[in-house]
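Participant:
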Amino acid sequence: MKDPRQRPWPLIAIVLTALAQLACRATTSGALAESCTRSFLRYEPSAWEKEWSQGELSGERRDRECEILATPTEVQRSVQLIRSVQGAMLRGMPIPQDAVPLFSRMVYSVQCGGTSRESVDLIEPLVGILRDPFSMCPRPPAVPDDVYDTFGVGEDRVQSKRHFLTLAATGQGKPERGPHSQNILIDIGASTFASWQNDPAAVGAMWFVDRYRRVGWTFDWIVSYEIEKLDPDVLYRSVPADVLPHYVYFNQGVEKDPGGKWNPWRILKGSSVTPDDYVVVKLDIDAPDIENDLVAQVMADPALQKLIDEMFYEHHVNTKPMWPWWGTQNAKAILADSYRNFTRLRAVGIRMHSWP
Numbered sequence: 001m002k003d004p005r006q007r008p009w010p011l012i013a014i015v016l017t018a019l020a021q022l023a024c025r026a027t028t029s030g031a032l033a034e035s036c037t038r039s040f041l042r043y044e045p046s047a048w049e050k051e052w053s054q055g056e057l058s059g060e061r062r063d064r065e066c067e068i069l070a071t072p073t074e075v076q077r078s079v080q081l082i083r084s085v086q087g088a089m090l091r092g093m094p095i096p097q098d099a100v101p102l103f104s105r106m107v108y109s110v111q112c113g114g115t116s117r118e119s120v121d122l123i124e125p126l127v128g129i130l131r132d133p134f135s136m137c138p139r140p141p142a143v144p145d146d147v148y149d150t151f152g153v154g155e156d157r158v159q160s161k162r163h164f165l166t167l168a169a170t171g172q173g174k175p176e177r178g179p180h181s182q183n184i185l186i187d188i189g190a191s192t193f194a195s196w197q198n199d200p201a202a203v204g205a206m207w208f209v210d211r212y213r214r215v216g217w218t219f220d221w222i223v224s225y226e227i228e229k230l231d232p233d234v235l236y237r238s239v240p241a242d243v244l245p246h247y248v249y250f251n252q253g254v255e256k257d258p259g260g261k262w263n264p265w266r267i268l269k270g271s272s273v274t275p276d277d278y279v280v281v282k283l284d285i286d287a288p289d290i291e292n293d294l295v296a297q298v299m300a301d302p303a304l305q306k307l308i309d310e311m312f313y314e315h316h317v318n319t320k321p322m323w324p325w326w327g328t329q330n331a332k333a334i335l336a337d338s339y340r341n342f343t344r345l346r347a348v349g350i351r352m353h354s355w356p
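Residue numbers (the working numbering): 1 to 356.
Right, here's the structure in full:
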């Protein structure tokens with residue numbers, strides 16, 4: 001029974017209160033109101049990631065990654081991770097609450113008028129050899145078939161991308177940055193839209209278009225670089241008609257000289273791209289001397305860091321499970337260096353992912 005001493009709020013008060021809440025709300029369920037601004041604060045690795053990072057940096061887990069990934073605790077975590085990410089990436093489902101602790105966190109400050117609060121975007125943790133936990137190691141017997149054998153469009157066991165959690169799939173909504181902000185994909189080492197050397201699993205642009213579109217995001221521009229000279233008929237054959245108006249293809253390799261004509265960062269900074277745009281970069285040209293220099297340039301350039309929001313990069317290092325594929329037995333860089341670099345880039349606000 002209502003307390004007769006309590007009077008109902010006048011309708012105008014209810015409306016004003018609702019409008020005030022909408023104007024200043026910074027939740028994890030949608031885009032920010034126009035009057036709000038969002039700035040990156042810090043990166044928080046999950047407890048799972050901390051275990052792996054400490055083990056790699058100390059050397060305790062070096063070349064024992066497959067052995068450790070096969071333990072019951074790691075298998076359980078990995079199965080939960082993949083199922084959660086697949087639900088988000090392929091079906092737009094929220095990350096289950098019991099799986100949230102597995103994920104690392106990108107933390108932002110949201111300011112609305114005179115108020116300030118924090119918001120969190122989840123991201124897959126850096127664990128194992130920084131690939132799908134079940135992709136390059138022998139199969140642990142406890143892994144269910146529906147997890148071990150299930151892959152989406154544009155991937156397979158070697159080229160698995162099913163553990164990536166993009167911002168688009170977190171359910172947070174695109175950050176409100178400006179009335180003219182654009183989504184831009186820069187694909188460095190593009191091959192063709194739908195395959196690499198006729199392998200549809202070793203693909204870049206098609207995977208991005210498919211996964212982002214599934215959760216309601218499209219790219220205004222796709223800028224591709226490829227050093228292998230391709231017949232235009234072959235190059236454009238697999239580009240969908242609705243994507244073609246947004247597809248820019250440079251059949252030219254990139255260079256690491258910061259002032260070079262084909263340095264991709266020089267081109268990016270010289271274009272009309274601003275921090276209001278959402279820029280996704282994929283870097284995989286199988287030329288470590290160029291790739292590593294380009295990544296070092298990102299780490300050293302705060303202006304460039306403000307332009308790149310999400311980055312996918314294959315770091316070729318001396319780690320035993322990848323010797324048959326990379327031939328890096330004598331390389332100086334080891335997996336611990338990957339952990340350092342990826343953590344450092346996440347710590348400046350770039351959603352960094354380890355491309356297969």
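Glycine included, each C-beta is placed from N, C-alpha and C at the ideal position.
Considering E118, what are the terminal residues of the beta strand (DSSP E) in which it resides?
Facilitator: 115-123
Participant: Work out the CA separation of R62 and S46 for me, nearest whole Å.
Facilitator: 20 Å
Participant: Any idea what DSSP makes of P356, helix, strand or coil?
Facilitator: coil
Participant: Could you pull the DSSP bridge partners for Y313 from this structure?
Facilitator: Bridge partners of Y313: L283, S354.
Participant: Using only the alpha-carbon positions, how far apart do I290 and R351 sit?
Facilitator: 21 Å
Participant: Rounding to the nearest angstrom, what Cα-Cα distance links G92 and N263 in this structure?
Facilitator: 36 Å
Participant: Hey, would you say D242 sits closer than 8 Å to V280, going by beta carbons?
Facilitator: no
Participant: Check each candidate in A202, V209, R162 and name the one with the smallest Cα separation from I184.
Facilitator: V209
Participant: Threshold first: 4 residues or longer. Then list the alpha helix (DSSP H) segments lying entirely within the stretch 240-300, N to C.
Facilitator: 264-270, 288-300
Participant: Sorted by chain position, which residues of the same chain lie with C-beta nearer than 7 Å to K306's C-beta, five sequence neighbours on each side aside?
Facilitator: P275
Participant: For Q21, collect the residues of the same chain with a Cβ closer than 7 Å to its Cβ; drop the 5 residues on either side in sequence, then sort them by chain order.
Facilitator: Its pLDDT being 36, under 50, Q21 is placed unreliably by the model, and the measurement read from it follows with that caveat. Residues of the same chain with a CB within less than 7 Å of the CB of Q21, apart from the 5 flanking positions on each side, do not exist.
Participant: Let me know the beta strand (DSSP E) ranges lying completely inside the stretch 158-221, each 3 residues or longer, listed in chain order.
Facilitator: 183-188
Participant: Around the Cβ of P324, are there at least 16 other Cβ atoms within 10 angstroms (buried) or fewer (exposed)?
Facilitator: exposed
Participant: Are the stretch 316-331 and the stretch 115-123 in contact at 8 Å, needing three or more beta carbon pairs?
Facilitator: no
Participant: Can you confirm whether the stretch 70-85 touches the stretch 153-164 when touching is taken to mean that 3 or more C-beta pairs between the two stretches lie within less than 8 Å?
Facilitator: Contact between the stretch 153-164 and the stretch 70-85 is present: 3 or more CB-CB pairs across the two stretches fall below 8 Å.
Participant: Measure from the alpha carbon of M136 to the alpha carbon of each residue in I123, S160, A142, then state which is nearest.
Facilitator: S160
Participant: I222 and V254: beta carbons closer than 8 Å?
Facilitator: no
Participant: For the beta strand (DSSP E) that V110 lies in, which residues bound it at each end?
Facilitator: 104-112
Participant: Can you find the residues in the same chain that come closer than 6 Å, C-beta to C-beta, to S104, ignoring five residues on each side of it along the sequence?
Facilitator: The answer, listed in chain order, is P45, S46, E49, I123, P125.
Participant: Less than 8 Å between the C-beta atoms of E226 and G189, yes or no?
Facilitator: yes
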